[in-house]
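Residue numbers (the UniProt record's numbering): 1 to 284.
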Amino acid sequence: MLNGRIRELEHQLDNDRERHSQEVAMLERELIRLRDEMTQQLQEYQDLMDIKVSLDLEIAAYDKLLMGEEHRLNITPSNTATVQSFSQSLRSSTRATPSRRTPSGALKRKRTFVDESEDRSVSDYYVSASAKGNIEIKEIDPEGKFVKIFNKGNEEVAIGGWQLQRIVNESGPSNTYKFHRSVKIDANAYVTVWSVDSKASHEPPTNIVMKQQKWITGDNTKTILLNIDGETVANLDRIKRIVSTHVSSSRQSRRRSISAVDGNEQLYHQQGDPLQSAEKCAIM
């Protein structure tokens, strides 16, 4: 009787062991499936983070350029509400991005990239002008055909002996035109000084064609109007602005740099490593 009870309990124990082994195997398979799914999701998240960091760098660069243009043009906040709202929404979406945490005891997963690099650049020109009196430099031709000055006052101004000077790249080449002693500019009127090869008609004082020279051109030019005493009364700057992006990828990292250059001066530069800007992905 006792031996029969022992055999029954041993049989029951064997059944429990077998059932437990099956449950453990099933749980291990489920754990493997969850690990694979987590690995895939983390890889997708890492890809999105790489894109996000790259876009953040570009947004920061263009935002810097936009602020510079708003300051230069003296644009009021009411005129830029749409732009500011868009910029704020971008910043908000950046701040709202959840951070990744690495669980304790987690295994770090390395990502690999093929060796590659990419360079992109966008260039544009911006113009800034100022004047101390009523005579201002109103317009210049990018191809060097003419320089146009304007009298915004209500009285005629004698500009005989005044000089128009063009300088390329600060200390680069320059040329100068000196107005005839009899030249005057009427109130609310223009005087245009044309290059010799412009094919314009010489009709002083409103249209003056230089005899033996033409306006020099370049990426960065400064046009200055000097009075008879050699004092600067007006100027107009035309400066080339370049926004360049460089992306380089090695087998274990990806770096991106963005810079903005005004003329010969670097206005803005930022670089980042998307893989170092965010925490490393990990799986349990």
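All C-beta atoms, glycine included, are put in the ideal place defined by N, C-alpha and C.
Owing to the predicted nature of the structure, the values given are computational and were not obtained by experimental measurement.
I need the straight-line Cα distance from residue i to residue j, nearest angstrom please.
| i | j | result |
| --- | --- | --- |
| residue 4 | residue 10 | 10 Å |
| residue 7 | residue 16 | 14 Å |
| residue 211 | residue 196 | 6 Å |
| residue 44 | residue 24 | 30 Å |
| residue 55 | residue 217 | 35 Å |
| residue 240 | residue 140 | 15 Å |
| residue 233 | residue 242 | 30 Å |
| residue 65 | residue 237 | 17 Å |
| residue 29 | residue 61 | 48 Å |
| residue 47 | residue 58 | 17 Å |
| residue 183 | residue 67 | 41 Å |
| residue 235 | residue 168 | 13 Å |
| residue 137 | residue 51 | 45 Å |
| residue 161 | residue 177 | 10 Å |
| residue 18 | residue 49 | 46 Å |
| residue 190 | residue 159 | 12 Å |
| residue 132 | residue 214 | 26 Å |
| residue 2 | residue 38 | 53 Å |
For residue i, count neighbouring Cβ atoms within 10 angstroms of its own Cβ and tell me buried if that reaches 16, exposed if not.
| i | result |
| --- | --- |
| residue 35 | exposed |
| residue 124 | exposed |
| residue 92 | In this predicted model, residue 92 has a pLDDT of only 47, less than 50, meaning its place in the structure is not dependable; the value taken from the coordinates is given anyway. By the 10 Å Cβ count, residue 92 comes out exposed. |
| residue 187 | exposed |
| residue 222 | buried |
| residue 225 | buried |
| residue 13 | exposed |
| residue 201 | exposed |
| residue 166 | buried |
| residue 32 | exposed |
| residue 171 | exposed |
| residue 198 | buried |
| residue 204 | exposed |
So which of the options has the shortest CA-CA distance to residue i?
| i | options | result |
| --- | --- | --- |
| residue 185 | 58, 55, 7 and 148 | 148 |
| residue 230 | 164, 68, 215 and 152 | 164 |
| residue 154 | 143, 166, 134 and 144 | 134 |
| residue 130 | 18, 202 and 152 | 152 |
| residue 208 | 136, 192, 21 and 225 | 192 |
| residue 194 | 156, 172, 143 and 173 | 143 |
| residue 174 | 63, 198, 220 and 161 | 220 |
| residue 179 | 228, 71 and 215 | 228 |
| residue 128 | 71, 41 and 63 | 71 |
| residue 206 | 132, 213, 146 and 41 | 146 |
| residue 126 | 69, 181 and 20 | 69 |
To which residues does DSSP link residue i through a beta bridge?
| i | result |
| --- | --- |
| residue 156 | The partner list for residue 156 (beta bridge, DSSP) is empty, contrary to what the question assumes. |
| residue 223 | 166 and 236 |
| residue 149 | 137 and 191 |
| residue 175 | 166 |
| residue 126 | 239 |
| residue 209 | 194 |
| residue 184 | 158 |
| residue 61 | Answer by DSSP bridge pairing: none, since residue 61 is not bridged. |
| residue 203 | 207 |
| residue 131 | 234 |
Would a check of beta-carbon distances place residue i closer than 7 Å to chain D?
| i | result |
| --- | --- |
| residue 220 | As a matter of chain content, chain D is missing from the structure shown, which is built from one protein chain. |
Exercise. In the UniProt domain "IF rod" (1-73), which residue ranges form an unbroken alpha helix (DSSP H) of at least 4 residues, counting only runs that do not cross its ends?
Worked result: 2-73
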